[in-house]
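Here the protein sequences come in this chain order: L and R. Following our numbering, the numbering of the first sequence begins with 1 at its first residue and continues without gaps. Following our numbering, the numbering of the second sequence begins with 1 at its first residue and continues without gaps. Every residue, glycine too, gets a C-beta built ideally from N, C-alpha and C. Read the structure below first, then the notes.
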Amino acid sequence: MALKYCAFWIPTIYHSENCPCIQNNISRDISDNSSQRHHITVTLNTDRGIVIVNNTGTVKLTYKTHSKNGLYLYEYDIDEESDSSLLFISKEMPNAIYHIIKELFHSHVHHEENADSLLRAYVSNDPFDIKSENNPALVHYLSIYENKFIAYSNQISSLCNTLLSNSQIITKKHLNLGGYKEIERLCFNALGEALFCETLLNSKYTNSDNHLSNIDHNKQRIRILNIRNAVQNIKLIEKRNLTEFNFRNTKIAFKNNTQGLTISIFSIILATIGIYLTVKSFSTPQYAKDIMVSQINIENELDSSRLNEKRIVNQIEISEKKILNSGRSKKRM
Amino acid sequence: MMFTNYNNNLMTQEMALNFVYTKQSGEISELRNKLSDDVVNQFELVGFITRGIDSQSENTWKITETAKRIFTTMYKKPSFIESLKGMYCHYILKF
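So, in structure tokens, the structure goes:
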């Protein structure tokens, strides 16, 4: 049996007495190999002890203490002679298990879910105090954050330079506004993590005083400087990226508006010319006279036909009266 | 960003992301050989790849959705619609 000590950093924004427990039991398949499943259950007990179970064995992590900056110290035994598939925990705590343990206390805010599984838990064979100045667990997590923010800074700046280079925009005839959004998203993830990192940087156990005689303190000072400058660099890149994105969007909107305005003015000119030609064609004297004459002719024709109709009706009435009168005179006879 | 891999070949971020995008997943040792430790560590820290896990080890890796999105938007050939938009901005709006 080998006794191990593990310090989990539960990312927190505030220094608080206790990290509230969000859930006390998580079951998950941590394997990415579809032919070889690996189901694991992690349970948080009332005494803050953690039990990790898979189908071949169990590892119990005994809670020792925690500090206000989010570091939790656990102790556990690993039987290195056993054939349990949890043996790999004896070397270092796998990211996937640390990620599940974090989820017992921490909800993923200001970063994507897969972003915070990238910190490695600190495991040691020797006991250590998480409440001492520049303790190994604190230094371990700050070192990871240092590497992480420098990596973010390098990758984001490389992406930004690619996007802003003329080859992407002009030769490919590709505006690539999606690229700006991706950089923005990456900056957001980095700055979200920086917020959590600040809790460690401002912990009372983080000493950054530059004592020339103390090499560890000097390293810590450089580490903190690197983290802060990398974060500042990411903020600058984000600002530059946002400015470029807004500039391009505004330019497109402005050019579109200008094109729209030109088309509108052209349409108005065409419509005016059309109206003028129509009015002009109707007001031509000869044409108007022809219309008047034809209208008068039509009216005259109508009048003469009405007169003819009246005459015919009168003649019919007179002939009917004559017939009636001749009939009466015959009866008298 | 330029870096040299184990074979002393100069590689760019585009080439490294292209390799990761094409392979999608594999052994971590192979990736280290191809891209160098420094780049693999950076990709892992930034979240472009995640370490896989089986019952005994964490020797595999796979690409993340973030890396897929970034590669397709930044380095992949633009789609027909995107090219049309680009040409509209270039030729008509005179960008």
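Taking the alpha-carbon of F80(R) as reference, which of L175(L), K148(L), S143(L) and M93(L) has the nearest alpha-carbon? Mapped onto the second sequence, residue 80(R) falls at position 80. The residue with the shortest Cα to Cα distance from F80(R) is L175(L).
N54(L) - DSSP class collapsed to helix/strand/coil: Stepping through the first sequence from its first residue, residue 54(L) is reached at position 54. Reduced to three states, the DSSP call for N54(L) is strand.
Give me the chain L residues within the contact set of V46(R), using Cβ-Cβ distance strictly less than 7 Å, ordered along the chain. Position 46 of the second sequence, counted from the first residue, corresponds to residue 46(R). Under the 7 Å cutoff, chain L gives A151, Y152 and Q155.
Boundaries of the beta strand (DSSP E) in which H106(L) is found, first to last residue: For the purposes of this step, residue 106(L) is taken as the residue at position 106 of the first sequence. Per DSSP, H106(L) lies in no beta strand (DSSP E) segment and is marked neither H nor E.
Per DSSP, what are the beta-bridge partners of N25(L) in this structure? The residue labelled residue 25(L) in the question sits at position 25 within the first sequence. N25(L) is bridged to T43(L).
Put M93(L) into one of helix, strand or coil per three-state DSSP. The sequence position of residue 93(L) within the first sequence is 93, counting from 1. Taken through DSSP and simplified to helix, strand or coil, M93(L) comes out as coil.
Is the segment 5 to 24 of chain L touching the segment 120 to 140 of chain L, taking contact as three or more C-beta pairs under 8 Å? Verdict: yes, contact present.
Assuming I150(L) contacts A230(L) (C-beta within less than 8 Å), just tell me the rounded distance between them. By one-based count along the first sequence, residue 150(L) stands at place 150. By one-based count along the first sequence, residue 230(L) stands at place 230. Right, their Cβ atoms sit about 5 Å apart.
Straight-line gap, H39(L) to T60(R) (C-alpha atoms, nearest Å): Position 39 of the first sequence, counted from the start, is the residue given in the question as residue 39(L). Position 60 of the second sequence, counted from the start, is the residue given in the question as residue 60(R). About 17 Å.
Rounded to the nearest angstrom, how far is the Cβ of T199(L) from that of N69(L), given a contact under 8 Å? Within the first sequence, the letter at position 199 stands for residue 199(L). Within the first sequence, the letter at position 69 stands for residue 69(L). The C-beta distance from T199(L) to N69(L) rounds to 6 Å, short enough to meet the 8 Å contact threshold.
CA-to-CA distance, T272(L) to M292(L), given in whole angstroms: Looking up residue 292(L) in the first sequence gives position 292. Looking up residue 272(L) in the first sequence gives position 272. Straight across, the Cα-Cα distance linking M292(L) with T272(L) is about 28 Å.
Strand pairing of A2(L), partner residues [DSSP]: Within the first sequence, residue 2(L) is the residue found at index 2, counting from 1. Paired residue(s): I78(L).
Just to confirm my understanding: we take I381(L), look at its own chain, exclude 5 residues before and 5 after, and list those with CB closer than 8 Å. What are they? Nothing about residue 381(L) can be read from this structure; chain L reaches only from 1 to 333.
Spell out the partners DSSP gives F8(L) in its beta bridges. The residue labelled residue 8(L) in the question sits at position 8 within the first sequence. Looking at the DSSP output, F8(L) bridges to Y72(L).
Can you list the residues of chain L that E58(R) reaches, using a CB-CB cut of under 9 Å? Taking the first residue of the second sequence as position 1, residue 58(R) is located at position 58. Those are F88, E92, P94, N95 and A96, listed as they occur along chain L.
If you count every other CB in all the chains shown that lies within 10 Å of the CB of H34(R), and 16 or more means buried, which is it? In the second sequence, counting from the first residue as 1, residue 34(R) sits at position 34. A small correction: the amino acid at residue 34(R) is Lys; His does not occupy that position in the sequence shown. Result: buried.
Can the beta-carbon of I227(L) be found less than 8 Å from the beta-carbon of C197(L)? Position 227 of the first sequence, counted from the first residue, corresponds to residue 227(L). Position 197 of the first sequence, counted from the first residue, corresponds to residue 197(L). Yes; because the gap between Cβ atoms is below 8 Å, this pair is in contact.
Does the contact criterion of 3 or more C-beta pairs under 8 Å hold for the segment 260 to 269 of chain L versus the segment 186 to 195 of chain L? Cβ pair count under 8 Å is below three, so no.
For M74(R), would you say it is in contact with chain L, using Cβ-to-Cβ distances shorter than 8 Å as the test? Here residue 74(R) refers to the residue found at position 74 when the second sequence is read from its first residue. Between M74(R) and chain L, the shortest Cβ-Cβ separation is below 8 Å.
Classify T50(R): buried if its beta carbon has 16 or more other beta carbons within 10 angstroms, exposed otherwise. Position 50 of the second sequence holds residue 50(R). Buried, by the Cβ-count rule.
For the segment 157 to 166 of chain L and the segment 41 to 49 of chain L, state whether three or more C-beta atom pairs, one from each stretch, are separated by less than 8 Å. Taking 8 Å as the limit for Cβ pairs, the verdict is that the segment 41 to 49 of chain L does not touch the segment 157 to 166 of chain L.
Indicate the three-state DSSP secondary structure (helix, strand or coil) for G26(R) in the structure shown. Here residue 26(R) refers to the residue found at position 26 when the second sequence is read from its first residue. Looking at G26(R) - three-state DSSP - the assignment turns out to be strand.
Under 7 Å from the C-beta of G179(L): neighbouring residues of chain R: Here residue 179(L) refers to the residue found at position 179 when the first sequence is read from its first residue. The answer, in chain order, is T73 and M74.
Mapping the DSSP letters down to three states, classify I63(R) as helix, strand or coil. Position 63 of the second sequence, counted from the start, is the residue given in the question as residue 63(R). It is a strand residue.
Per DSSP, what kind of secondary structure is L61(L) in: helix, strand or coil? Within the first sequence, residue 61(L) is the residue found at index 61, counting from 1. Note: L61(L) maps to strand in three-state DSSP.
Provide the residue(s) that pair with V231(L) in DSSP beta bridges, ordered along the chain. As a first step, residue 231(L) is located in the first sequence; it is residue number 231 there, counting from the start. Paired residues: none, contrary to the question.
Considering only C-alpha positions, which residue in the set K94(R), L31(R), V39(R) and G86(R) is nearest to Q13(R)? Your numbering for residue 13(R) matches position 13 in the second sequence. The shortest Cα separation from Q13(R) among K94(R), L31(R), V39(R) and G86(R) belongs to V39(R).
With DSSP as the reference, please indicate the residues paired to H217(L) in a beta bridge. For the purposes of this step, residue 217(L) is taken as residue 217 along the first sequence, with counting starting at 1. Residue pairing of H217(L) in beta bridges, as defined by DSSP: absent, with no partner found.
Near H140(L), what residues of its chain come up, given a Cβ to Cβ distance below 6 Å and the 5 sequence neighbours on each side ignored? Along the first sequence, one-based indexing puts residue 140(L) at 140. Around H140(L): Y122.
T50(R) - DSSP class collapsed to helix/strand/coil: The sequence position of residue 50(R) within the second sequence is 50, counting from 1. Three-state result, T50(R): strand.
To which residues of the same chain is K131(L) closer than 8 Å at the C-beta, ignoring the five residues directly before and after it? Along the first sequence, one-based indexing puts residue 131(L) at 131. Result list for K131(L): T65, S67 and Y205, in chain order.
Any beta carbon of chain L sitting closer than 8 Å to that of Q116(R)? Here chain R has residues from 1 to 95 only, and residue 116(R) is not among them.
Three-state class that DSSP yields for Y75(R) in the structure shown: Sequence index remark: in the second sequence, residue 75(R) carries index 75 (1-based). The three-state reading of DSSP puts Y75(R) in coil, since its state is none of H, G, I, E or B.
Would you report the Cα separation of I316(L) and I275(L), rounded to the nearest angstrom? Along the first sequence, read from residue 1 onward, the residue named residue 316(L) stands at position 316. Along the first sequence, read from residue 1 onward, the residue named residue 275(L) stands at position 275. C-alpha separation (whole angstroms): 57 Å.
When the cut-off is 8 Å and only beta carbons count, does I63(R) lie next to chain L? Here residue 63(R) refers to the residue found at position 63 of the second sequence. No, I63(R) does not count as interfacial toward chain L.
Neighbour list for E103(L) in chain R, Cβ cutoff strictly below 7 Å: On the first sequence, position 103 is the one that residue 103(L) refers to. Within chain R, no residue comes near E103(L); the closest Cβ sits about 16 Å away, beyond 7 Å.
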